[in-house]
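Chains as they are written, first to last, in the UniProt record's numbering: chain A, 1 to 325; chain B, 1 to 516; chain C, 1 to 324.
Every residue, glycine too, gets a C-beta built ideally from N, C-alpha and C.
Being a predicted model, the structure only gives us computed values, none of them experimental.
Beneath this line is the structure, given in structure tokens, with notes to follow.
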């Protein structure tokens, strides 16, 4: 019995590895098929075009790890772009605008978290309310698209950083990568982060173990709200405008990226790195479809749907195997 | 029976006096006294509903007692929850291990108390500390491995390591052995002894007699929420222990006369099990059930009585042996198949597996009949009303309102609704798993009378009960189970409570006594 | 009828009274050319697709499920019918074809949930995302416009009342009848309240779950036909966008818990009408219509507050056993 130590099956890494394999395969397929696909700049572009999605996926990873879901992220992104555009137009300095945006996102997240924890509203419904609220506030601010002319925003948006090999990236990429780093640190090296996993693994056990499950549950929605707002800022760098109909359906992309990245929707298993690779897979699919002139954009959605299905099936297999032990 | 201990001993570490816990409509614990000394293993015994879990929950602050007081090390305490109890040195390991399978072994042991360096969790130090704790218990589990990859036995030991890591003075083990095999139990016991020798007071809940005698120093037996007694294990015999747990319910049901005389079992068996079994649930057994007789299934909790009943109904699938219905082979792939062949099964857990509590009495009663007909062919309203009215009257269900929501009924009436559901399907074989558990004496007597009548009308009944008196009183034959084996079959007419008690308690296997 | 219908009914009445105060003509009904007109008729007509989809959603939610794909399915139904018409096909065939496709999509969802045992929210998310792509594939990314008198009737026609209202009411009546006259309603609730007890009682849970997902997809299909008929076009991108959220909201406002079990079709109808009246109210009291979403959010929060004490879903936890 003492010798019963089971050989370490890295089954928890399996989905992430699978995601990475899928990324390599899709990227490889693109490289074989299109000249100039396998360049460093294409990879860099994946990050540049999806920096905001990376940040959203990070926030969503926290929420999904606890077994919850956040439908509000797309709407909060739109709200962030609107607040940014409107306050800058009103003459606020860039730093104050940024603070206001991040603050709004966090407060919205806090509200939803409290609804879920204190009122025991299902995450689905609470964040649906958040989605309606954020999207509605956008329209209240303005129905028109507002362009952003602030020099600081413009500078951040347009300036590029030269990397070796004539690859350029934007500041948004750096910000997104920093968020990923911080998130990985929090999830793996802090008590809060480990409690996130514990709550997702078994909330009742976590409570009996004396963990502050309430704080964790509220906390992840605050983080997701913050990340959505930050993603919204990156999105406004990318678009240089605020618009109520920005980022419609982006929450689905974020959820898809997280699931394709190997995080279990039932909670407790997953890594932010997986979500980042998930975003890259979605980005690569999009890039391939844009390279292939004849393939139309709707194939993106279909392919994402199929990928989602494949990963859900893979997760079922893994969960089944663990239960059999 | 051994006299309860009164001998002078050192001051108890935990002392419960006059604990009572009430739930709406139920007195789960009645003025129970309980003492736990440092450096002892104390077994808490009792059947389902005896109040074992309630006692533990009252001690750890999950339930608020309605009366009584707790002292810990001489000082009065009252906890508001397990976290507080844990802080005071009382740790509990539950049967369904409350850990996070998605995290590593080390994390599960130290979650919330991880060693940190500069604010960050120090993974290496954490694993080292976990390894030390495990090592102290003589375990060599890799602390970095995921808990979910380990079998349940290891998880149980990890849970104990976690409980010990907080410097527990009292360790409560709530049925830790129910899913372990012999080697694993030995390992667990070795660790319990190590802890005991360190001066930890261990409260051990189990329903396996062998284990009580193997590990415990003293035993407290509960029945129906009351304390039957506190005994010194070394001076206690098995038979005394068993009769304390399930024996003689004093005179409560004396008025229900034994009435098996007017029944005539059919000569050929209705259902015949040959070598039927399921790994981990019940060893292969033979059993014949005849129309017109009541067969009682006696045995302790965990003896395999529920598992046996479930196999006959197809609620679980057998992996060996076969079933014959009217002499023809029968394969049960699902409960649906069993129902179609006239077999009915009322589960012991009427809330989780029996009633649809949000629905009405009527809906619950006709559910099985309706399910058999499929959704498209509704049981005509008038037929349903007639059936429901018939059984509400026959079983004396109160309130006699078919539109009452079942959740609002008392336990006894809920049980009758469940029985009615099956009687409406006109079964040839009725399997009742602890139909009388947790219901009042009046309802109990009524149910027993109904069961006797049904058999007299020609139904075959398999009756599972934790109460020996009851089984002996209403059965024509008694099948005795012990440790997931069928150990004996007795003719009810000749069997007395003492004989069955002895079979359950001892290791002696009788050849088929009596026969037909 | 019962307490659960009290709040949605009160909310609806309050909104109607508010409308009456702001625009006294709100309750006026006129008959012109044998057609009934008026604000109330508009509310009903605009709410018809939501009512339909919410009906299907109610049964799905009663079995502890959820169907996120209904909006996408609605878009597919419109796309199938319109491309068939645009290709010179006949309207009736086109609509039948569309509904057949929807039934297949419902079977797919039911397969994932009932057979593979995937959580409903994830299982239907697949079709929610991929479905829009499929709809766009059918319309080749274009907005397919059609001009067919028969097809126009579904969304814009009148038989005294708008045909869309009549269809929704017919489906409501049909479902109410079927769930009462057959045992479907009771078995759905029984599976939703206690799946294990239902299994042991011999209920074919798989069939039941499959049935409700197919039904939800069919409702979504009819709603999709209404939506595209109303504008004489199939817009794969925007047809039925977020209608699944409105439908879920309607069900929740109507007092059916997301945790399954007892459901109320009447409550769902009240919920859907409340949402639609809210939209209309926002418009009539002069707030920019785009702010409707803020009010919707407010309604969700208020409903949650009202339901919180009794309707709170219990977090994942083993049932507490008394005694033992």
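With 16 other CB atoms within 10 Å as the buried threshold, where does residue 234(A) fall?
Here residue 234(A) refers to the residue found at position 234 of the first chain. When all chains shown are included, residue 234(A) counts as buried.
Whole-angstrom distance between residue 120(C) and residue 67(C), CA atom to CA atom
The residue you call residue 67(C) lines up with position 67 of the third chain. The residue you call residue 120(C) lines up with position 120 of the third chain. So the two alpha carbons sit approximately 7 Å from each other.
Per DSSP, residue 485(B) forms a beta bridge with which residues?
Position 485 of the second chain, counted from the start, is the residue given in the question as residue 485(B). Beta-bridge pairing links residue 485(B) to 482(B).
Just checking my contact of residue 299(B) with residue 504(B) at CB under 8 Å: how many whole Å lie between their CB atoms?
Position 299 of the second chain holds residue 299(B). Position 504 of the second chain holds residue 504(B). Confirmed, Cβ separation roughly 6 Å.
Hey, quick one: how far does the beta strand (DSSP E) through residue 81(A) stretch, first residue to last?
Locating residue 81(A) in the first chain gives position 81, counting from the first residue. Taken as a continuous stretch (DSSP letters only), residue 81(A) belongs to no beta strand (DSSP E), being part of the alpha helix (DSSP H) at 73-89.
For residue 320(B), which of helix, strand or coil comes out of DSSP?
For this step, residue 320(B) is matched to residue 320 along the second chain. Residue state, collapsed to three classes: strand.
Reduced DSSP category for residue 171(A) - H, G, I as helix; E, B as strand; rest coil
Taking the first chain and counting its residues from 1, the one referred to as residue 171(A) is at position 171. Looking at residue 171(A) - three-state DSSP - the assignment turns out to be helix.
When Cβ atoms are compared, which residues of the segment 96-113 of chain C fall closer than 9 Å to chain A?
112
List the endpoints of the continuous beta strand (DSSP E) containing residue 163(A).
Counted from its first residue, the first chain places residue 163(A) at position 163. Looking at the DSSP string, the run of the beta strand (DSSP E) that includes residue 163(A) is 160-163.
Apart from the five residues on each side of it in sequence, which residues of its chain come closer than 6 Å, Cβ to Cβ, to residue 118(C)?
On the third chain, residue 118(C) is found 118 positions in, with the first residue counted as 1. Hits under 6 Å: 112.
Taking the beta carbon of residue 305(C) as the centre, do at least 16 other beta carbons fall within 10 Å, making it buried, or is it exposed?
If you number the third chain from 1, residue 305(C) lands on position 305. Residue 305(C) comes out exposed.
Start-to-end residues for the beta strand (DSSP E) that takes in residue 65(B)
Within the second chain, numbered from 1, the residue matching residue 65(B) stands at position 65. Careful: residue 65(B) lies outside any beta strand (DSSP E) and carries neither H nor E.
Quick one: residues in its chain with C-beta nearer than 8 Å to the C-beta of residue 84(B), no 5 flanking neighbours on either side, listed in chain order?
The residue you call residue 84(B) lines up with position 84 of the second chain. Hits under 8 Å: 61.
List, in order along the chain, the chain B residues whose C-beta lies closer than 7 Å to that of residue 269(A)?
By 1-based counting over the first chain, the position of residue 269(A) is 269. Residues of chain B passing the Cβ test: 102.
Label residue 243(A) either buried or exposed according to how many other C-beta atoms from any shown protein chain fall within 10 Å of its C-beta, with 16 as the threshold for buried.
Along the first chain, one-based indexing puts residue 243(A) at 243. Counting Cβ neighbours within 10 Å, residue 243(A) comes out buried, since at least 16 surround it.
Within 8 Å, do at least three Cβ pairs link the segment 463-480 of chain B to the segment 368-377 of chain B?
no
How long is the line joining the alpha carbons of residue 499(B) and residue 483(B), rounded to whole angstroms?
Counting from one through the second chain, the residue named residue 499(B) turns up at place 499. Counting from one through the second chain, the residue named residue 483(B) turns up at place 483. Roughly 18 Å separates the two Cα atoms.
In its own chain, which residues sit with a C-beta less than 7 Å from the C-beta of residue 159(A), not counting the 5 before and 5 after it?
Locating residue 159(A) in the first chain gives position 159, where the first residue counts as 1. If we look at residue 159(A) and ignore the five residues flanking it on each side, its Cβ neighbours are 171.
Boundaries (first-last residue) of the alpha helix (DSSP H) holding residue 393(B)
As a working note, residue 393(B) is residue 393 in the second chain. First-last of the alpha helix (DSSP H) with residue 393(B): 381-394.
Among 26(C), 173(C), 160(C) and 302(C), the one whose alpha carbon lies nearest that of residue 32(C)
Along the third chain, one-based indexing puts residue 32(C) at 32. When each option's Cα is compared against that of residue 32(C), the closest is 160(C).
Thinking just about the alpha-carbon of each residue, which of 99(A), 39(A) and 59(A) is nearest to the one in residue 83(A)?
Working through the first chain from its first residue, we reach residue 83(A) at position 83. Looking at the Cα atoms, 99(A) is the closest of the given residues.
Return the residue from the list 17(B), 308(B), 143(B) and 325(B) that minimises the CA-CA distance to residue 318(B).
The residue labelled residue 318(B) in the question sits at position 318 within the second chain. Of the listed residues, the one whose Cα sits closest to residue 318(B) is 308(B).
Just tell me which of 112(B), 39(B) and 472(B) has its CA closest to the CA of residue 297(B).
For this step, residue 297(B) is matched to residue 297 along the second chain. Comparing Cα positions, the closest option is 472(B).
Beta-carbon separation (whole angstroms), residue 274(C) vs residue 8(C), contact threshold 8 Å:
As a position in the third chain, residue 274(C) is number 274, starting the count at 1. As a position in the third chain, residue 8(C) is number 8, starting the count at 1. Contact flag correct, Cβ pair sits at about 6 Å.
Chain B partners of residue 28(A), CB-CB under 7 Å?
Along the first chain, one-based indexing puts residue 28(A) at 28. Here the premise fails: no neighbours, minimum Cβ distance about 31 Å.
With H, G and I counted as helix, E and B as strand and the rest as coil, what does DSSP make of residue 287(B)?
Within the second chain, numbered from 1, the residue matching residue 287(B) stands at position 287. Reduced to three states, the DSSP call for residue 287(B) is strand.
Does DSSP put residue 97(A) in a helix, in a strand, or in coil?
Position 97 of the first chain holds residue 97(A). Residue 97(A): helix per DSSP, three-state reduction.
With contact counted as at least three CB pairs below 8 Å, one residue from each stretch, are the segment 70-90 of chain A and the segment 291-300 of chain A in contact?
no
Taking all protein chains shown into account, decide if residue 20(A) is buried (16 or more other Cβ within 10 angstroms of its Cβ) or exposed.
For the purposes of this step, residue 20(A) is taken as residue 20 along the first chain, with counting starting at 1. It is buried - the Cβ of residue 20(A) has at least 16 other Cβ atoms within 10 Å.
Please name the residues in the segment 179-192 of chain C whose beta-carbon is closer than 7 Å to at least one beta-carbon of chain B, in chain order.
181, 182, 183, 184, 186, 187, 189 and 190
Using a Cβ-Cβ cut-off of less than 8 Å, list which residues of the segment 192-220 of chain C approach chain B; keep chain order.
193, 194, 196, 197, 198, 199, 200, 201, 202, 203, 204, 207, 208 and 211
List the whole-angstrom C-beta distance separating residue 76(A) from residue 201(A), where the pair is believed to meet the contact cut-off of C-beta under 8 Å.
The residue given as residue 76(A) occupies position 76 in the first chain. The residue given as residue 201(A) occupies position 201 in the first chain. Their Cβ separation, rounded to whole angstroms, is 28 Å, which puts residue 76(A) and residue 201(A) out of contact at 8 Å.
Return the first residue and the last residue of the beta strand (DSSP E) that residue 113(B) is part of.
Counting from one through the second chain, the residue named residue 113(B) turns up at place 113. Counting along the chain, residue 113(B) falls outside any beta strand (DSSP E), and DSSP gives it neither H nor E.
In angstroms with no decimal places, state the Cα-to-Cα distance between residue 64(A) and residue 265(A).
Position 64 of the first chain, counted from the start, is the residue given in the question as residue 64(A). Position 265 of the first chain, counted from the start, is the residue given in the question as residue 265(A). If you take the alpha carbons of residue 64(A) and residue 265(A), they lie about 6 Å apart.
Between residue 326(B) and residue 369(B), how many whole angstroms is the CB-CB distance? I'm expecting something under 8 Å.
Start at 1 with the first residue of the second chain, and residue 326(B) comes out as number 326. Start at 1 with the first residue of the second chain, and residue 369(B) comes out as number 369. Contact doesn't hold; Cβ gap of about 22 Å is too wide.
Over what stretch of residues does the beta strand (DSSP E) that includes residue 230(B) continue unbroken?
Reading the second chain from its first residue, position 230 is the one you call residue 230(B). Here the beta strand (DSSP E) through residue 230(B) covers 226-232.
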